[in-house]
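Chains as they are written, first to last, in our numbering: chain Z, 409 to 628; chain S, 7 to 348.
Note sheet for the following structure.
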Amino acid sequence: MDSTIEILKSELGQAVLDSGKMIGTAMIISLIIGGTLGLILYLTSNKLFFKNKVINSIAGFFVNIIRSLPFVILLVLLIPFTNIVVGSSIGPEAATVPITIASIAFFARLSEGAFSEVDNGVIEAAISSGASLPLILSDVLIVEAFPSLIRAVTVNLVSLIGFSAMAGIVGGGGIGDLAIRYGYYRYETGVMIVTVLILVILVQSIQFIGDALATKFSRR
Amino acid sequence: MIELKNINVEFKLKDNLVQAVKKVNLTINKGEVFGIVGLSGAGKSTLVRVINLLQKPSSGQVLINGKDITSLNRTELRKTRLKIGMIFQHFNLISGKTIYENIEFVLKANNYPKEKRRDRIHELLSLVNLIDKEAVHPSNLSGGQKQRVGIARAIANEPEILLCDEATSALDLENTEEILNILKDIKDKTGITIVFITHEMEVAKKFFNRVAVMSKGEIVEVNDVYSIFSDPKHEITKSLINKNSNLDLPKEIISSIKKGEIIKINYKGDDSLKPVISDVAKKFNVDISIIHGKIDYIDGKPIGTLITNIIGEKEEISKAKTYIKDNVIKTERIINEYMEVI
């Protein structure tokens, strides 16, 4: 029991910090790049915008490749790339690269789904009113997709927590890594329980907040 | 003025090429209410979408005030669309925005000065009787109210043309009436040209000036609304009108009439002012009872159908029938269910 508290005292703070860094960075980048990619996938698949099979297939192909690899394999596969980007293949920064890439592809599909749920009739009405494309995107598409986008962000965040738990493989640290190193390899059941509890509470709260926000913005 | 020249619209459905609109030529005059009617699948919606190029035609020209809009670039097309409002069967309001914001959206599209927006929106909302609903989201409105928002939004930028795609088809009778009254009101105030697609002949009767009848992608008949109803030429037109004006006599009534003949009399226009029935009763030795009837007024002019039972000697009935036939547009004998002439 004493050792459990000792380990947590010395390791937990850093683990939470590392997890936060990895998840935070990946989250922001995946929302921007993944969201844009999702928008491109949507715009090139809808005949009201720029239906373009070639661009759509190319974008879809890359997203699918990343999505079809189990995260652990992607993590290893990307090591050379990670080396170029952050100059090292170990540590939290290095782990952030594959986490980000995986969540970009994931969020691209999620946001594409959120956009395609928007009623085409509403888009048609906006086009027929003579609105410009930027205005249609900001005032119609994003407004109408907003509840679904919040749900997508929630799912993305939860899966990011899952990805980050595997960061230990490249010495990335974080809460998941703590659970495996102490809880599993060193039979410190106490550490295992605490980290599992933290993860469960974290995921539950994210889901709860996400659902509440989505409901708040859903006006259907 | 809207001119459609040789419009063809083709869709690729799997491997089949579907011709939704075939060789349509149509001129719609400024300030008129022009209706396009037809059964579902006739291509009406596709055709109306061609007018603002929501649907690009496979070939043909769309001339708005003499200018072909199919050759415009993106920006010019956008500017043209600002002057063509559109309302939809399912309203298509932005569900995440309030009624106020929904109308504000189209003003934004037109770069309408920010400080004048509030006044313009209030003006529009009072025109459609929704001034107390500005802060409400569309989901809290009834169908009729949603369509009124749709109208306010469509005319916000003072368009010259208003396209209505089955605008009343999702509404009940009362709301349909209200929407039509608002549209009439707007037309009288602004002189806007209205193109209205519907499968409801009742709407055509109440609201249109001219009608085009569509079937299988082609326009089969164009005429003023009174002529379409009183003197339909094409089979499709006839069947659309018959569905609307069916005057069904219950079988029980037909079989309970044992004497004389049952004659259906159709009349219209000036004929309707002649006292044909009482003339017949005076001139010939027959009794006439009216057992069913309906008079419609379209564009202020009547179209009537009466079903009468004429009783008397065979010879007198025959003379009476000839007299009626000479004085109205059409008579027709109805036979009872046992197919015997009575």
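Using N, Cα and C, we set each Cβ at its ideal position, and we do this for glycine too.
Bounding residues of the alpha helix (DSSP H) (the contiguous stretch that carries residue i)
i        : result
Z/Val480 : 479-485
Z/Ile550 : 550-573
Z/Gly538 : Here Z/Gly538 belongs to no alpha helix (DSSP H), and DSSP marks it neither H nor E.
S/Val286 : 282-289
Z/Ile431 : 410-437
S/Ser261 : 257-262
Z/Ile440 : Z/Ile440 -> no alpha helix (DSSP H), and no H or E assigned at all.
Z/Asp585 : 583-586
Exposure label - residue i; buried when at least 16 CB within 10 Å
i        : result
S/Ile353 : Examination of residue 353 of chain S is not possible in this model, given that chain S is present from 7 through 348 alone.
S/Glu110 : buried
Z/Gln380 : For chain Z, the structure presents residues 409 to 628; residue 380 of chain Z sits outside this window and is missing.
Z/Ser411 : exposed
Z/Gln612 : exposed
S/Ile280 : Sequence inspection shows Lys at residue 280 of chain S; the Ile mentioned does not correspond to that position. So S/Lys280 counts as exposed.
S/Glu346 : Only weak support exists for where S/Glu346 lies, its pLDDT of 43 falling under 50; the value from the coordinates is given anyway. Exposed: under 16 other Cβ atoms inside 10 Å.
Z/Leu542 : The residue you asked about is not Leu; residue 542 of chain Z is Pro in the sequence shown. Exposed, because fewer than 16 other Cβ atoms sit within 10 Å of the Cβ of Z/Pro542.
S/Glu258 : exposed
S/Asn98  : buried
S/Tyr273 : buried
S/Leu19  : exposed
S/Gly47  : exposed
S/Thr52  : buried
Z/Ser519 : buried
S/Tyr344 : Caution applies to S/Tyr344, whose pLDDT of 43 falls short of 50 and renders its modelled position unreliable; the value that the coordinates give is listed next. With fewer than 16 Cβ atoms within 10 Å of its Cβ, S/Tyr344 is classed as exposed.
Z/Ser511 : buried
S/Lys103 : buried
S/Tyr303 : exposed
Z/Val480 : exposed
S/Arg87  : buried
Z/Tyr590 : buried
S/Ser55  : Looking at the sequence shown, residue 55 of chain S is not Ser but Arg. Classification of S/Arg55: buried, given that the 10 Å Cβ count is 16 or more.
Z/Asp426 : buried
Z/Asp547 : buried
Z/Ser537 : buried
S/Gly275 : exposed
Z/Val551 : buried
S/Gly49  : buried
According to DSSP, residues forming a beta bridge with residue i
i        : result
S/Asn272 : S/Thr311, S/Lys336
S/Glu16  : S/Gln25
S/Val68  : S/Leu10
S/Val30  : S/Ile13
S/Asp74  : S/Leu69
S/Ile203 : S/Ile42, S/Asp171
S/Ile317 : S/Asp293
S/Glu267 : S/Ile316
For residue i, the first and last residue of its enclosing beta strand (DSSP E)
i        : result
S/Lys300 : 292-304
S/Gly91  : 90-94
S/Phe40  : 39-43
Z/Thr597 : Not the beta strand (DSSP E): Z/Thr597 falls in the alpha helix (DSSP H), residues 597-625.
S/Ile57  : Run containing S/Ile57: none in the beta strand (DSSP E); it sits in the alpha helix (DSSP H), 50-57.
Per-residue contacts from residue i into chain A (C-beta, under 8 Å)
i       : result
S/Leu88 : Absence of chain A from the displayed structure is noted, the protein chains being Z and S.
Original post:
Along the chain, which unbroken stretches of the beta strand (DSSP E) at least 3 residues long are found entirely within the stretch 210-248 of chain S?
Top reply: DSSP runs (the beta strand (DSSP E)) wholly in the stretch 210-248 of chain S: 216-221, 224-230.
**OP:** Inspect the CB distances between the stretch 314-333 of chain S and the stretch 278-294 of chain S and report whether three or more fall short of 8 Å.
**Re:** A contact exists between the stretch 314-333 of chain S and the stretch 278-294 of chain S.
Original post:
What beta strand (DSSP E) runs, 3 residues minimum, are completely inside the stretch 97-178 of chain S?
Top reply: You should have 167-171.
Subject >> Touching by the beta-carbon criterion (3+ pairs, under 8 Å), the stretch 117-133 of chain S and the stretch 603-622 of chain Z >> reply: Contact between the stretch 117-133 of chain S and the stretch 603-622 of chain Z is not established, with fewer than three Cβ pairs separated by less than 8 Å.
**OP:** Counting only runs of 4+ residues fully inside the stretch 443-523 of chain Z, write out the alpha helix (DSSP H) ranges in chain order.
**Re:** Counting only runs of 4+ residues, the alpha helix (DSSP H) found wholly inside the stretch 443-523 of chain Z occupies 443-451, 461-476, 479-485, 487-494, in chain order.
Subject >> the stretch 578-594 of chain Z contacting the stretch 542-559 of chain Z, beta-carbon criterion three pairs below 8 Å >> reply: Flag = no, the stretch 578-594 of chain Z and the stretch 542-559 of chain Z do not touch.
Original post:
Do the stretch 157-171 of chain S and the stretch 185-199 of chain S meet, that is, are 3 or more Cβ pairs less than 8 Å apart?
Top reply: With a cut-off of 8 Å, the stretch 185-199 of chain S and the stretch 157-171 of chain S count as touching, because enough Cβ pairs lie within range.
**OP:** Taking 8 Å as the threshold, find out whether the stretch 29-40 of chain S comes into contact with the stretch 583-599 of chain Z through three or more Cβ pairs.
**Re:** Verdict: no, contact absent.
Original post:
If you pair each beta-carbon of the stretch 204-222 of chain S with each one of the stretch 174-187 of chain S, do three or more pairs fall below 8 Å?
Top reply: Judged by Cβ distances under 8 Å, the stretch 204-222 of chain S makes contact with the stretch 174-187 of chain S, as three or more pairs qualify.
Subject >> the stretch 230-249 of chain S / the stretch 205-219 of chain S touching (three or more Cβ pairs under 8 Å) >> reply: By the Cβ criterion, the stretch 230-249 of chain S is in contact with the stretch 205-219 of chain S, since at least three pairs of Cβ atoms, one from each stretch, lie closer than 8 Å.
Original post:
Between the stretch 59-68 of chain S and the stretch 9-16 of chain S, are three or more C-beta pairs nearer than 8 Å?
Top reply: Pairwise C-beta distances place the stretch 59-68 of chain S in contact with the stretch 9-16 of chain S, as three or more of them are shorter than 8 Å.
Original post:
Is the stretch 559-576 of chain Z touching the stretch 513-527 of chain Z in the sense that three or more CB pairs, one from each, lie closer than 8 Å?
Top reply: Output reads yes: the stretch 559-576 of chain Z touches the stretch 513-527 of chain Z.
Original post:
Taking contact to mean at least 3 C-beta pairs separated by less than 8 Å, is the stretch 253-268 of chain S in contact with the stretch 228-238 of chain S?
Top reply: No, the stretch 253-268 of chain S is not in contact with the stretch 228-238 of chain S.
**OP:** Check whether the stretch 136-144 of chain S touches the stretch 76-84 of chain S, taking contact to mean three or more Cβ pairs, one atom from each stretch, closer than 8 Å.
**Re:** No, the stretch 136-144 of chain S does not touch the stretch 76-84 of chain S.
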